[in-house]
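Engineer:
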């Protein structure tokens, strides 16, 4: 009799590939964030610049969407890093955005504010992590046959960032929806929808 496969630890993470530019989490000095409500803290290019006293550029934890008054994952990273170093966050994420919104964030905010490494944000390839958490709104509003095009667009945007000097990337697509309060009751219906709607 074959033993059942062991479920992966839901608290673990995996680096798919690391290269010579990756300094490790404790050596990061800058996070540049693009995405939707899971990432947003209420910062934008017209906000005050992040400082060591206010690393998000807005009062901590920012305006988050998941738990009012509580940090999202961006705030948790800031808290975990600040015990050994300081990190500045340039978070251009906006609630409700899709991959098309990330393109606007890159074009209208990153390129206009950070790409040229201004004196107030002298990031470099070896001390900066570019984070993109996007996809849930695309899945909600895109037919299944449109997903490959969306993913191609996403990776083209990663190429645009790479060409601007970015070397370290964290890309997250979807949270575990089955673990959300609304997802626990409807996960089986949601999982069946794409299969039942194709064709």
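Numbering (the working numbering), first residue to last: 72 to 270.
We put the beta carbon where it would ideally sit given N, CA and C, even for glycine.
Since we're looking at a predicted model, the values are computed, not measured.
On the DSSP bridge list, what partners appear for residue 241?
Structural biologist: According to DSSP, which records beta bridges pairwise, residue 241 is partnered with 202.
Engineer: Roughly how many whole angstroms lie between the Cα atoms of residue 90 and residue 230?
Structural biologist: The alpha-carbon atoms of residue 90 and residue 230 are separated by roughly 16 Å.
Engineer: Applying the criterion that 16 or more other CB atoms from any shown protein chain within 10 Å of the CB defines a buried residue, is residue 153 buried or exposed?
Structural biologist: The residue is exposed, with fewer than 16 neighbouring Cβ atoms inside 10 Å.
Engineer: From residue 197 to residue 239, what distance separates their C-alpha atoms?
Structural biologist: If you take the alpha carbons of residue 197 and residue 239, they lie about 8 Å apart.
Engineer: Looking only at its chain, what residues have a beta carbon closer than 8 Å to the beta carbon of residue 101, apart from the 5 residues adjacent to it on each side?
Structural biologist: Counting only Cβ-Cβ distances below 8 Å, and skipping sequence neighbours, we find 158, 159, 160, 161, 192, 194, 198, 199 and 200.
Engineer: In or out: residue 245 buried (at least 16 other Cβ within 10 Å) or exposed?
Structural biologist: Answer is exposed; the Cβ neighbour count stays below 16.
Engineer: With distances taken between CB atoms, is the gap from residue 203 to residue 106 smaller than 8 Å?
Structural biologist: It is a contact, given that the beta carbons lie within the stated cut-off.
Engineer: Spell out a yes or no on whether the stretch 112-122 and the stretch 179-191 are touching, meaning 3 or more CB-CB pairs, one atom from each, closer than 8 Å.
Structural biologist: Taking 8 Å as the limit for Cβ pairs, the verdict is that the stretch 179-191 does touch the stretch 112-122.
Engineer: Hey, which unbroken runs of the beta strand (DSSP E) at 3 residues or more fall wholly within the stretch 138-186?
Structural biologist: Those beta strand (DSSP E) runs which fall completely within the stretch 138-186 and span 3+ residues are 159-162.
Engineer: Tell me which same chain residues have a C-beta within less than 8 Å of the C-beta of residue 92, skipping the five on either side of it?
Structural biologist: Cβ neighbours of residue 92 beyond the five flanking positions: 196, 197, 238 and 239.
Engineer: If you follow the beta strand (DSSP E) that residue 106 is in, where does it begin and where does it stop?
Structural biologist: Element bounds for residue 106: 101-106.
Engineer: Among 99, 104, 185 and 228, which has the Cα closest to the Cα of residue 165?
Structural biologist: Considering only alpha carbons, the answer is 104.
Engineer: For residue 108 versus residue 146, is the C-beta distance shorter than 8 Å?
Structural biologist: Going by C-beta atoms, residue 108 is not nearer than 8 Å to residue 146.
Engineer: Please go through the same chain and pick out, in chain order, the residues whose beta-carbon is closer than 6 Å to the beta-carbon of residue 187, but skip the five residues on each side of it.
Structural biologist: So no residue of the chain qualifies.
Engineer: Between the alpha carbons of residue 142 and residue 214, how many angstroms are there, rounded?
Structural biologist: Their Cα atoms are separated by approximately 32 Å.
Engineer: Nearest to residue 116 by CA position, among 163, 149, 129 and 144, is which residue?
Structural biologist: Of 163, 149, 129 and 144, the residue nearest in Cα terms is 163.
Engineer: Return the residue from the list 148, 98 and 171 that minimises the CA-CA distance to residue 220.
Structural biologist: When each option's Cα is compared against that of residue 220, the closest is 171.
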